[in-house]
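What follows is a short report on a single structure.
In our numbering, the protein residues as written are 93 to 207.
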């Protein structure tokens, strides 16, 4: 088992991606938005995984910061498609609350690694 698989934030981010792929990505989004949403949400997970494999706290922190940035990007895209009524407001709010929880977890990890 890899270290990142034990991280609760990774497990929750994986679930976030699964829900996004099931509930949002099948919607008829334009190609660019679909692609960018898929990339940004996947980037959250990948940066957590890659960061957990780094040896120095500074390197780990950098990847967790990137993961949090990708989370913010994902929320911005979800906000836009919600405002354009491409997804229901209730669905957006579910993802928003989930993302807020992930953001707080990542922030705590980043703060813990400050040097």
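All C-beta atoms, glycine included, are put in the ideal place defined by N, C-alpha and C. Being a predicted model, the structure only gives us computed values, none of them experimental.
The Cβ atoms of residue 140 and residue 164 lie no closer than 8 Å to each other. The shortest C-alpha to C-alpha distance from residue 179 to any of 100, 96, 125 and 93 is the one to 125. For residue 113, the uninterrupted alpha helix (DSSP H) run begins and ends at 100-115, by DSSP. Sequence-distant partners of residue 146 (beyond 5 residues in either direction) whose C-beta falls short of 7 Å from its own C-beta, in its chain, are 152 and 155. Counting along the chain, no alpha helix (DSSP H) covers residue 96, and no H or E run does either. Assignment of residue 154 by DSSP, reduced to helix, strand and coil, places it in the helix class.
According to the DSSP assignment, residue 147 belongs to no alpha helix (DSSP H), since it is labelled neither H nor E.
Non-local beta-carbon contacts of residue 105 in its own chain, meaning distances under 7 Å to residues more than five positions away in sequence, involve 136, 137, 140 and 194 in chain order.
Under the three-state reduction of DSSP output, residue 133 falls in the helix class. About 7 Å separates the Cβ atoms of residue 160 and residue 199, confirming a contact at the 8 Å cut-off.
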